[in-house]
Every structure is written in structure tokens, then in C-alpha cells.
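Chemist: Take a look at this one; I'll ask things after.
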Amino acid sequence: MNGNGGMEFFIDHSRCIGCRACMQACEECDTHRGVSMIHLETIMRAESVQTAPQVCMHCEDPICAQVCPADAIKKTPEGVVLSSLKPRCIGCSNCVLACPFGVPKYKAEINQMMKCDMCYDRTSIGKRPMCATVCPSGALTFTTRENIERTRQGVAIREWQFAGETVRTKVNVLVPRSVHRIDVSIEQIGRTTTDEYDVANLLKGD
Amino acid sequence: MAKPPVSIPELVAQFGPSLNRIPATGWNAEVEPDRIVQTHCCFCGQQCGIQLKVKDNRVIGFEPWEDFPFNEGRLCPKGVKRYMQDEHPDRLKAPMVRKDGTGFVPVSWNEALEKVASEIRRIQQAYGNDAFALLGGASLTNEKAYLMGKFARVAVKTANIDYNGRLCMVSAGAASKKIFGIDRSANPWSDIPLSQAILVAGANVAECAPITTHYLWQARENGAKLIVMDPRMTPIARNADLYIPVRSGGDIGVFNGMLHIMIQRGWIDREFIAQHTTGWEQVEETVRKYTPEYAARIAGVPASMIVKAAEIWGPASTSFLLHARGIEHHSKGVLNCMAAINLVVATGRIGREGCGYAMITGQGNGQGGREQGQKCDQLPGGRDIENPEHRKYIASVWGVPEESIPHKGLSMVPIFEAIHAGKIKGLLAISCNPMVSLPNNSFIREACEKLEFFAQVDFFLSETARYADVVLAGSLMEEDEGTTTNVEGRVIHHKKAVNPPGDARADWKIICEIAGRLGYAEKFKYESPKEIFDELRVASKGGVSDYYGITWERIDREKGVFWPCPSPEHPGTPRLYEGNKFNHPDGKAHFQAVEWKPAAEETDSEYPIILTTGRVVSHYLSGTQTRRIGALVDQYPQPVCEIHPLLAGKLGISEGDFVKVESRRGGVTVRANVVKTIRPDTVFVPYHWPLDRAANNMTVRAIDPISNIPEYKICAVRVSKVPAPHDAIAELEMQAGGVR
């Protein structure tokens with residue numbers, strides 16, 4: 001499971017400050033210079049300043065590769081799911097539709113799908129991925145599991161439940177210790193509103 | 207004759223700001239750099255370590271520098287994209303003079319420098335030495351900051367030199383000096399994660415000091431409780447243990463209210479107070495009336511929040527205070543900082559691991575830039591220009607008679623008031639852009655237009671340089687070498703990556719050339735910035751900020767050295783006040799009793815809304831650099847007015863509407879951003895843009911009586927929905943001051 005000398009990728013959404021250093025640095029990565037592969041979602045700016053970075057989760061059994069009719073998406077021995085192979089990709093966007101995390105994007109200008117490959121050019125030679133190196137908040141971290149367990153309160157998990165389907169990923173997310181698996185329910189996805197971060201409410205006091 | 211020679215749109219067409227979007231060698235990964243230069247980011251006070259890739263005298267990209275201890279490779283978007291300021295189409299490559307109706311025309315260095323020197327002489331002969339003023343900046347290296355101070359006192363012989371750190375760090379510095387006798391953060395950042403209670407007062411850490419976020423989150427992983435005070439729910443406030451949406455200018459309510467409760471509940475260290483402090487009785491007396499209810503009325507928040515803050519801060523075993531412009535940019539900025547620091551002193555939690563406080567210095571060399579003598583009241587080493595011993599020592603270093611050193615001059619805002627009043631007739635400025643960064647901008651513009659002569663050293667034609675008679679093409683940080691002092695007091699080394707392009711010159715050479723033409727060549731005979739640093743070391747020797755033991759070689763070897771460092775054998779001083787030794791003659795910390803007072807301009811029926819201003823993550827200061835980098839402009843292309851839905855609803859304003867935000871002094875037309883993350887009595891407009899998009903059109907020209915910092919964080923405005931503007935300025939590109 002672990003390539004890169006025991007180094008793994010960890011996301012802690014609660015730390016993200018939305019600064020976009022990850023996106024700016026991603027497009028400086030040599031294999032796809034000029035194009036950022038990481039997505040940063042602004043959740044509901046009217047309600048909150050919450051943001052969430054999204055890298056490829058590098059599924060154990062990547063659905064993007066399964067649905068690819070051209071066999072253009074390959075997984076390395078270390079478990080990194082690579083971006084599409086240029087000679088094979090037919091630009092059909094099956095992967096774009098199938099990925100439960102919304103990671104692959106179809107680039108019309110080159111008629112090819114591109115996505116995060118965990119900076120394979122860097123990680124395969126012992127460097128850390130660009131985004132997880134520059135991230136100023138530690139929301140994205142590339143380190144050992146031991147180091148994470150020593151320095152973080154949350155627990156790193158990599159199992160997701162999408163309705164009836166269980167997805168295991170190479171990338172970890174940090175969650176409270178009581179959580180063992182992330183259940184993604186469809187109802188959560190629609191637009192909701194929250195008053196949790198409404199400063200006017202906070203000012204009313206108790 | 208200081209007016210733009212042609213229209214603003216014509217100047218923009220020629221000099222930008224335009225956007226650089228593509229690296230010098232294209233987005234081509236095949237290009238191998240010749241060299242990797244380990245240096246530092248040119249932007250904020252964090253001064254993150256970064257490696258620049260250089261090929262054929264061009265900066266072509268970057269690589270994180272993971273071995274530099276402060277940031278371990280971490281960078282914000284500004285740091286990632288800073289290399290895009292190199293090889294920029296707007297870059298000034300030759301000196302220019304203003305030609306009315308034509309624009310700026312390139313001239314020889316000889317002609318440009320002779321014009322500057324002869325105008326200095328002419329104005330000083332006609333109106334007196336102090337009629338010519340100098341402005342420096344806190345983005346200058348220590349070497350250049352030192353040079354500017356010496357240039358003013360030895361070559362120009364004017365009392366009137368000040369710098370843009372006056373707009374940034376001076377309230378914090380003055381408060382620290384009054385209480386402890388030293389103007390520096392008390393602790394290295396490595397103390398933050400060792401602390402159990404953290405109070406962040408008026409600091410949008412996530413956007414203005416992004417690297418510090420990791421330190422805060424690491425403290426929380428270690429069990430710390432985090433309190434954040436801010437009128438806006440900033441990204442770090444979202445996950446704080448206690449977020450206090452304080453009314454701008456109400457901070458003393460929170461601080462004094464907390465202290466009131468801490469006294470009541472016995473959460474102060476009476477033994478420490480008795481042994482190591484003075485002035486406690488007066489503080490205790492002052493805060494007696496700051497009951498939670500009284501304090502809450504000043505702070506504009508529920509009393510329970512102040513009680514909870516005291517309950518977190520009071521009994522903690524270790525604690526750390528971080529404060530920044532949110533409490534400092536006030537006409538009571540020094541009072542605000544002192545009230546905050548009183549909370550540190552009252553608990554005796556200072557001078558040891560995990561215990562202390564820091565001011566989050568905003569500008570690149572915000573710390574060093576305020577130590578080397580470019581302030582109107584200061585000589586190198588943080589010395590006092592009115593202290594006879596200090597004057598005598600610096601006179602001996604410079605080899606001039608003590609009486610030839612001018613006395614205290616005017617600070618930044620009073621300099622412009624004196625220009626406006628016709629008392630100052632000439633100005634030479636470097637590393638500052640008052641036409642964006644000073645309050646009450648229309649007044650500043652009027653002042654600029656009254657100057658008989660104005661010269662600016664700049665690498666891009668800033669909004670202020672448009673008003674110049676002579677523009678001297680200077681150098682970017684990576685085109686010269688020198689040191690800066692980061693937010694922690696760590697002196698670090700900026701390496702030269704490339705030569706200045708074309709006919710542009712290193713800033714220090716320009717200043718030395720002018721000094722030579724004024725007849726002081728022998729006092730400015732430096733072969734390199736290193737020689738300036740070696741003189742600075744001697745000049746700072748024995749001063750508060752003592753750099754004598756710091757050499758460039760030591761900085762490289764030790765990855766930075768913290769001042770004070772009085773001898774080459776001294777290890778430097780990462781943490782001040784160990785062993786409870788404070789820097790006043792009596793060795794004690796001096797409490798300062800603080801009473802709240804209102805802002806210079808509070809709201810009224812005509813202007814019923816509070817305006818507060820600040821930064822966004824992808825821009826730096828007046829935007830001269832970041833408004834020229836495409837990726838950073840895309841991230842935040844134009845200023846918007848953050849407004850709470852309750853207030854927006856009352857005014858009939860919806861998300862994305864054009865609104866006019868106006869004070870008694872001027873206004874901006876920008877789009878509304880309706881968000882629940884701001885107090886409903888307050889609107890926010892970021893300040894990085896010029897002209898009709900300048901937040902400083904509205905801000906009030908009121909300054910703190912002690913620090914002389916302007917009151918950027920509170921003034922009274924009204925907000926109304928307006929149609930989309932279509933005038934010539936509105937039609938400019940957004941980075942130039944247009945609006946879409």
C-alpha cells in the first residue's frame with residue numbers, strides 16, 4: 001500500500017484556509033506545468049468561509065479506470081492512479097462522470113482527461129507533492145502515518161461508503177476519532193443553508 | 207510640477223499594471239535551470255525560505271525550500287507566484303523624466319541623477335534643508351533602510367525622513383517598547399505550538415500571514431484553546447474555540463474585561479507582578495469598572511464571550527498572544543496593544559517556553575526596516591535621535607559632527623500634511639506607494655500635486671511614481687543582495703538571483719550616487735551591500751537591536767540569527783526576557799493602564815456604517831507587484847464590499863450589485879459580496895487597489911498620537927446601490943483600478 005518510503009497523503013479539511021497555494025503550486029509541477037489538477041471548493045461563501053481541497057484520492061480499485069473504454073488510466077505499483085495516457089484517451093468523459101470525488105476533468109483544448117497523479121514525477125524520486133509541500137495550513141500533508149498519529153488529534157481513515165458501494169483510497173482524510181468510515185449520503189449534497197457561522201446570531205449571545 | 211504628464215489611461219497603456227501569466231521560458235518543463243538560489247520571499251514579514259530557479263540571468267520558476275526552519279517549504283500563493291514579477295513587460299529598465307503632454311521619456315543616468323541632486327540643492331537653498339523630505343519603506347533590506355537613514359542625515363541633511371512601516375507596525379512597536387523596552391516579538395514562532403491558550407487579536411492570519419496558520423493548528427493539536435478577535439469571521443476564526451466578533455475599535459473592552467475577571471477569580475501572578483513589574487496598581491484600578499457588562503458594551507459583543515475568553519486565558523499554564531493591524535491601525539493603536547500585552551504581563555507568562563507574545567509584522571522587512579534609522583525619530587540600532595549619547599555614537603560611526611545630525615522630523619502622514627501646507631517642497635521616495643496606501647487619498651493626491659519636485663525610485667511605475675518628475679529604475683529583491691529581519695527577529699539573507707534588467711540599477715547604488723552628487727561621495731563609498739551591512743553592525747553595536755555579532759556567513763550557516771547578538775560568539779536571542787529580565791533600566795516590565803476611548807470618526811445618522819479595511823491572501827500592500835501577476839489577480843481580481851445580509855437587505859442590496867461606499871472624504875464603487883461572516887454594522891473593503899477602487903479614498907486622516915499610525919480600521923460610511931459605472935477609470939483593466 002505504501003510507496004515512497006512509507007510516506008502517505010493526508011487531508012485535514014478542518015485546517016483549510018482557502019488560500020489556493022495548492023492550486024497555484026500544482027500548476028508549477030513539471031509534468032503538467034500551466035495546468036492545475038487540484039480543485040479547491042468554496043463550500044457556501046455566503047454562509048461561511050469554509051473551503052475544501054480535492055486531490056485525486058487514488059482508489060484501490062479506481063472506478064475511473066474501470067469505466068475507461070480505452071484503458072487509458074493506469075495504476076502504478078505504488079498505487080498511484082495516473083492521469084490518462086495521451087495516445088489512448090479518447091476524451092469520452094466516462095471517468096469524469098464516474099468518479100465519486102469529482103476529480104478527473106476533460107480538457108477540450110487537448111481532447112484529453114487530466115487529473116492529479118500525486119505528483120508522480122516528484123513522489124517517485126522521493127520528493128513530496130507540490131500541493132502538500134507548500135500548503136501553509138497543513139490541510140494537505142505528505143508524511144508518514146506514524147508522524148500523523150504522533151502530531152494530530154484526528155484519525156486518518158481511507159474508507160468511504162457511497163450508498164451501497166465501499167471505496168478504499170490511498171489518500172487519507174483526518175476525521176474525529178469516533179469516525180471509522182465516511183458515509184456520503186446523497187441528501188447532504190444538495191444546497192443547504194446554515195446559520196452556524198452567522199455573525200449576527202453570535203452577537204445575540206445566549 | 208508633480209502631476210501625471212498624460213492621462214491615467216495613457217500611462218496605464220504604457221506602463222501597466224499589465225498581467226504576466228507565463229514563466230520566462232514558457233510553461234515548458236524541459237528547461238533545466240542553471241542555478242537554484244536559496245533565498246526568501248520578497249513579500250510579507252514571514253519571509254519564507256524559497257528556492258528560485260535561474261537560467262540565463264532570468265528567474266524561471268521556484269522550488270520549495272524544505273530545509274529552511276521557519277516555513278519548511280510552506281508558501282502562500284504570493285510566494286508561489288512571486289517569480290512572475292521577473293521578466294515582466296512593465297518592468298522599468300531605464301531612468302525617465304516627466305515631459306508634460308508626452309509622458310515619461312528615458313534619459314541617461316547622468317541626466318536623471320544630476321536633475322535629482324540639483325533639485326535637492328535648489329529647494330534646500332530656497333526653503334531650508336527640511337523642505338526636502340525622504341520616504342523609505344519596510345520592503346527595503348536592512349542595508350538599504352540603514353542607507354536611507356544615513357543618506358537623510360549625512361547627505362541631504364533633512365530631518366524629514368520617514369517610511370511606510372509607519373502605516374503598519376509602529377503601534378505594536380511603541381506598545382512593546384513602553385512595556386518591555388524592546389520593539390520586537392518576544393518569542394520565536396516555535397513557541398506557539400507549545401502554548402495552551404492562544405489569543406489572536408486583530409490578525410487575519412490565514413490571509414495576511416498564512417504560514418502562521420500551521421503553527422496555530424499545531425498548537426490546537428497539542429490541546430491549546432484558540433481565541434480569535436475580529437469583526438469578520440476569517441478562515442482561522444471558523445475553527446477557533448472561541449470567536450469574538452468584536453466591533454472595530456472595541457478591543458480594549460475585551461482586554462480590560464478579561465483582566466477584570468482574571469483579577470476577580472485569582473488568575474493573575476501576584477508574585478511575578480510584585481517582583482518584576484511596575485504600574486500594576488493603576489491597571490487594577492483602571493479595569494475595576496470593566497465588568498463583563500461594561501466591557502461588552504465597548505466591545506459590541508455578548509458579555510459571556512468576554513467571560514469565556516478570561517476562562518480560557520486566565521488559568522492556562524502557558525499562553526501566547528498574537529496581534530496585528532486589526533488592533534494596531536487605530537488612533538488608539540498603542541493603547542489597544544498595551545491593553546493586550548497587559549494580559550501577558552499580569553499572568554507572568556513570558557520569557558519561557560510556550561509563553562509570550564508576538565506582533566505579526568506585516569511587511570517584508572517590517573522588523574528590520576524599523577531598526578536601522580529610516581524613521582523620523584530614530585538612529586541605527588533602534589537608537590533615539592534626541593538622545594545625546596546616541597547621537598554622539600552614531601556621529602562617530604559616520605565621521606560627522608554630532609550637531610550636523612538633524613533632530614526629530616515629521617512622520618509619514620504629517621509629511622504629506624506639510625507638503626499640502628506648502629512647507630515641504632521636494633520629495634524623494636523609494637519602496638512606498640502613498641497614492642494607494644495612505645488614508646484620505648484625495649488629500650494625498652492634492653499634496654502630491656503641490657510638490658515642486660518629486661523623484662521616485664521604483665521597479666514598476668507605481669500609482670505614486672506617475673506623479674514624479676524623475677523616475678529612477680531600481681531593483682527587485684532578487685536583483686540585489688542583503689538581509690531582512692523576519693517576524694520573529696531572525697535576521698536572514700536574501701541572495702541575488704539575477705542582475706537588474708536593461709539600464710536599471712541596484713537601489714543602494716542609486717542612493718550612493720545621489721549622495722556623491724550632493725558632495726558626500728566619501729561617506730557613501732561602498733563596493734557592495736555587504737560593506738553596508740558591516741557598517742550597520744558597528745552602528746547597531748550597543749543599541750537595543752544589536753546586530754554586531756551577526757555576519758552574512760553566520761546567517762547562511764545557521765539559517766538565520768536572532769538579534770540581539772552583541773558579539774560573534776553570541777548565539778543570538780530567539781526568546782527575549784528569559785529569567786524575567788526586561789529592558790528598562792530598572793529591569794522590570796512596566797504595566798500601562800489603558801482606558802478605552804472612541805475612534806476619531808464614529809458612525810452617525812448620515813454615515814451609519816463602520817468601514818474596516820485590510821488585505822486579501824493573493825495581494826500584497828499597495829499591489830504594485832501582485833497586481834501585475836496574472837495568477838494572483840485571477841484569484842482576487844477587484845475589491846468587493848463584504849456586507850452582512852441583514853444590512854444588505856435593509857439597503858436593498860443583493861449579491862453582486864454595484865454599490866457606492868462613501869465617507870465624508872470620498873468613495874469607491876465596487877460589487878457587493880453578501881456574506882454572513884461579518885458584523886451587520888460593519889462593511890469591509892480590501893485596500894490593494896488604486897483610483898476609484900481605493901479603499902483609502904474613504905479612510906480617515908487621523909493618527910495615533912504616540913505611534914502616528916493612521917486609523918485604517920474604522921471610519922464612518924454609507925452604502926447605496928448604484929448602476930454599473932462606465933467612466934474611463936472604470937473601463938480600465940481591474941488590476942489598474944477598473945471594475946467589472
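Residue numbers (the working numbering), protein chains in the order written: chain G, 1 to 206; chain L, 207 to 946.
Glycine is no exception: its CB is placed at the ideal position from the N, C-alpha and C atoms.
Please classify L:Glu733: is it buried, with 16 or more other beta-carbons within 10 angstroms of its beta-carbon, or exposed?
Modeler: Taking the first residue of the second sequence as position 1, residue 733 of chain L is located at position 527. L:Glu733 is exposed by the Cβ-count criterion.
Chemist: Determine which residues share a DSSP beta bridge with L:Glu592 and list them.
Modeler: Residue 592 of chain L sits at position 386 when you count from the first residue of the second sequence. Looking at the DSSP assignment, L:Glu592 forms no beta bridge with any residue, so it has no partner.
Chemist: Does the beta carbon of L:Met439 sit closer than 9 Å to a beta carbon anywhere in chain G?
Modeler: Within the second sequence, numbered from 1, the residue matching residue 439 of chain L stands at position 233. It does: the Cβ of L:Met439 has a partner Cβ on chain G nearer than 9 Å.
Chemist: Excluding five sequence neighbours on each side, which residues of the same chain lie with their C-beta closer than 6 Å to the C-beta of G:Gly3?
Modeler: For the purposes of this step, residue 3 of chain G is taken as the residue at position 3 of the first sequence. Reliability of the predicted coordinates at G:Gly3 is poor, the pLDDT of 49 falling under 50, and the value obtained from them is presented with this limitation in mind. Counting only Cβ-Cβ distances below 6 Å, and skipping sequence neighbours, we find Glu78.
Chemist: Quick check on DSSP: helix, strand or coil for G:Arg128?
Modeler: Taking the first sequence and counting its residues from 1, one reaches residue 128 of chain G at position 128. In this structure, G:Arg128 counts as coil in the three-state DSSP scheme.
Chemist: I'd like to know whether the C-beta of G:Met1 is nearer than 9 Å to at least one C-beta of chain L.
Modeler: Residue mapping note: residue 1 of chain G aligns to position 1 of the first sequence, counting from 1. Here G:Met1 scores only 40 on pLDDT, less than 50, and its place in the model should not be relied on; the value that follows carries that caveat. Cβ-Cβ to chain L under 9 Å: no for G:Met1.
Chemist: Is there contact here, the stretch 675-693 of chain L with the stretch 713-727 of chain L, by at least three beta-carbon pairs under 8 Å?
Modeler: Judged by Cβ distances under 8 Å, the stretch 675-693 of chain L makes contact with the stretch 713-727 of chain L, as three or more pairs qualify.
Chemist: Select from G:Pro100, G:Met23, G:Val55 and G:Pro53 the residue whose C-alpha is nearest the C-alpha of G:Gln161.
Modeler: Along the first sequence, one-based indexing puts residue 161 of chain G at 161. Ranking G:Pro100, G:Met23, G:Val55 and G:Pro53 by Cα distance to G:Gln161 puts G:Pro100 first.
Chemist: Using a Cβ cut-off of 7 Å, pull out every chain G residue sitting near L:Gln841, in sequence order please.
Modeler: Along the second sequence, one-based indexing puts residue 841 of chain L at 635. Per Cβ cutoff of 7 Å: Arg20.
Chemist: At which residues does the beta strand (DSSP E) containing G:Ser84 begin and terminate?
Modeler: On the first sequence, position 84 is the one that residue 84 of chain G refers to. Looking at the DSSP string, G:Ser84 is not in any beta strand (DSSP E), and its letter there is neither H nor E.
Chemist: Considering only their Cβ atoms, is the gap separating L:Met468 from L:Leu549 smaller than 9 Å?
Modeler: One-based indexing of the second sequence puts residue 549 of chain L at position 343. One-based indexing of the second sequence puts residue 468 of chain L at position 262. Taking 9 Å as the Cβ cut-off, L:Leu549 and L:Met468 qualify as a contacting pair.
Chemist: Suppose the cutoff is 7 Å on Cβ atoms and the five residues either side in sequence are ignored; what does the same chain contact list for G:Pro53 look like?
Modeler: Taking the first residue of the first sequence as position 1, residue 53 of chain G is located at position 53. The answer, listed in chain order, is Ile11, Cys16, Cys22, Ile38, Leu40, Ala139 and Leu140.
Chemist: Does L:His246 come within less than 9 Å of chain G when only Cβ atoms are used?
Modeler: Position 40 of the second sequence holds residue 246 of chain L. Output row for L:His246: interface = no.
Chemist: Assign L:Lys803 to one of two classes, buried (16 or more other C-beta atoms within 10 Å of its C-beta) or exposed (fewer than that).
Modeler: Sequence index remark: in the second sequence, residue 803 of chain L carries index 597 (1-based). Per the 10 Å Cβ criterion, exposed.
Chemist: Kindly identify the DSSP beta-bridge partner or partners of L:Cys921.
Modeler: In the second sequence, residue 921 of chain L corresponds to position 715, counting from 1. Answer is L:Leu817, bridged to L:Cys921.
Chemist: So, helix, strand or coil for G:Ser36, using DSSP?
Modeler: Here residue 36 of chain G refers to the residue found at position 36 when the first sequence is read from its first residue. Here G:Ser36 sits in coil by DSSP.
Chemist: Mind checking L:His529: buried by the 16 CB within 10 Å criterion, or exposed?
Modeler: As a first step, residue 529 of chain L is located in the second sequence; it is residue number 323 there, counting from the start. L:His529 comes out buried.
Chemist: Could I get the ranges of all uninterrupted alpha helix (DSSP H) runs contained in the stretch 133-166 of chain G, with 4 residues as the minimum, in chain order?
Modeler: List check, alpha helix (DSSP H) in window: 145-151.
Chemist: Have a look at the DSSP bridge pairing and note the partners of L:Asn226.
Modeler: Here residue 226 of chain L refers to the residue found at position 20 of the second sequence. L:Asn226 is bridged to L:Ile835.
Chemist: Express the C-alpha separation of G:Ile182 and L:Glu272 in angstroms, rounding to a whole number.
Modeler: As a first step, residue 272 of chain L must be located in the second sequence, where it is residue number 66. As a first step, residue 182 of chain G must be located in the first sequence, where it is residue number 182. Roughly 33 Å between the two C-alpha positions.
Chemist: With distances taken Cα to Cα, identify the nearest neighbour of L:Ala703 among L:Glu238, L:Thr231 and L:Arg264.
Modeler: If you number the second sequence from 1, residue 703 of chain L lands on position 497. Ranking L:Glu238, L:Thr231 and L:Arg264 by Cα distance to L:Ala703 puts L:Arg264 first.
Chemist: Excluding the 5 residues preceding and the 5 following L:Pro275 in the sequence, name in chain order all residues of the same chain whose CB lies nearer than 6 Å to its CB.
Modeler: Locating residue 275 of chain L in the second sequence gives position 69, counting from the first residue. Closer than 6 Å at the Cβ level, and outside the excluded window around L:Pro275, lie Lys765.
Chemist: Taking 9 Å as the cut-off, decide whether the C-beta atoms of L:Asp368 and L:Leu341 are in contact.
Modeler: Residue 368 of chain L sits at position 162 when you count from the first residue of the second sequence. Residue 341 of chain L sits at position 135 when you count from the first residue of the second sequence. Yes, they are a contact pair.
Chemist: Name the chain G residues that come within less than 8 Å of L:Ile395, Cβ to Cβ?
Modeler: Walking along the second sequence from the start, residue 395 of chain L turns up at place 189. Per the sequence presented here, residue 395 of chain L reads as Trp, with Ile not at that position. Neighbours of L:Trp395 on chain G: none; closest Cβ ~13 Å, over 8 Å.
Chemist: Output the boundary residues of the beta strand (DSSP E) element that contains L:Leu549.
Modeler: One-based indexing of the second sequence puts residue 549 of chain L at position 343. Note, L:Leu549: premise wrong, no beta strand (DSSP E); alpha helix (DSSP H) at Gly539 to Ala552.
Chemist: Compare the C-beta of G:Lys204 against all C-beta atoms of chain L and say whether one is closer than 9 Å.
Modeler: Within the first sequence, numbered from 1, the residue matching residue 204 of chain G stands at position 204. Yes - at least one Cβ of chain L is within 9 Å of the one on G:Lys204.
Chemist: Short of 7 Å Cβ to Cβ, which residues in the stretch 115-137 of chain G face chain L?
Modeler: Hits within the stretch, in order: Thr133, Val134, Cys135, Pro136 and Ser137.
Chemist: Spell out whether any CB of chain G is found under 9 Å from the CB atom of L:Lys287.
Modeler: Along the second sequence, read from residue 1 onward, the residue named residue 287 of chain L stands at position 81. Yes, its Cβ sits closer than 9 Å to a Cβ of chain G.
Chemist: Where does L:Arg555 fall in DSSP's three states?
Modeler: One-based indexing of the second sequence puts residue 555 of chain L at position 349. Of the three classes helix, strand and coil, the one that applies to L:Arg555 here is coil, per DSSP.
Chemist: Given that G:Val49 touches chain L, what residues does it touch there, using C-beta distances under 9 Å?
Modeler: Along the first sequence, read from residue 1 onward, the residue named residue 49 of chain G stands at position 49. Simply Ala412, Arg438, Met439, Thr440, Pro441, Ala443, Arg444, Val881 and Thr883.
Chemist: Can L:Arg426 and L:Asp397 be called in contact, C-beta distance under 9 Å?
Modeler: Reading the second sequence from its first residue, position 220 is the one you call residue 426 of chain L. Reading the second sequence from its first residue, position 191 is the one you call residue 397 of chain L. No. Outside cutoff.
Chemist: Take G:Met1 and list the residues in its own chain whose beta-carbon comes closer than 6 Å to its own, dropping the five residues that flank it on each side.
Modeler: Position 1 of the first sequence, counted from the start, is the residue given in the question as residue 1 of chain G. The predicted position of G:Met1 is uncertain, since its pLDDT is 40 and thus under 50; no value can be drawn from it.
Chemist: Does the separation of the CB atoms of L:Gly309 and L:Leu217 fall below 9 Å?
Modeler: On the second sequence, position 103 is the one that residue 309 of chain L refers to. On the second sequence, position 11 is the one that residue 217 of chain L refers to. In this structure, L:Leu217 lies closer than 9 Å to L:Gly309 by Cβ.
Chemist: Of all the CB atoms in chain G, is at least one closer than 9 Å to the CB of L:Gln424?
Modeler: Reading the second sequence from its first residue, position 218 is the one you call residue 424 of chain L. Yes, because at least one Cβ of chain G sits closer than 9 Å to the Cβ of L:Gln424.
Chemist: Using a Cβ-Cβ distance cut-off of 9 Å, determine whether L:Trp895 contacts chain G.
Modeler: For the purposes of this step, residue 895 of chain L is taken as the residue at position 689 of the second sequence. So no, L:Trp895 is outside the interface.
Chemist: Counting only Cβ pairs nearer than 7 Å, list the residues of chain G close to L:Arg280.
Modeler: If you number the second sequence from 1, residue 280 of chain L lands on position 74. Simply Val134, Cys135 and Pro136.
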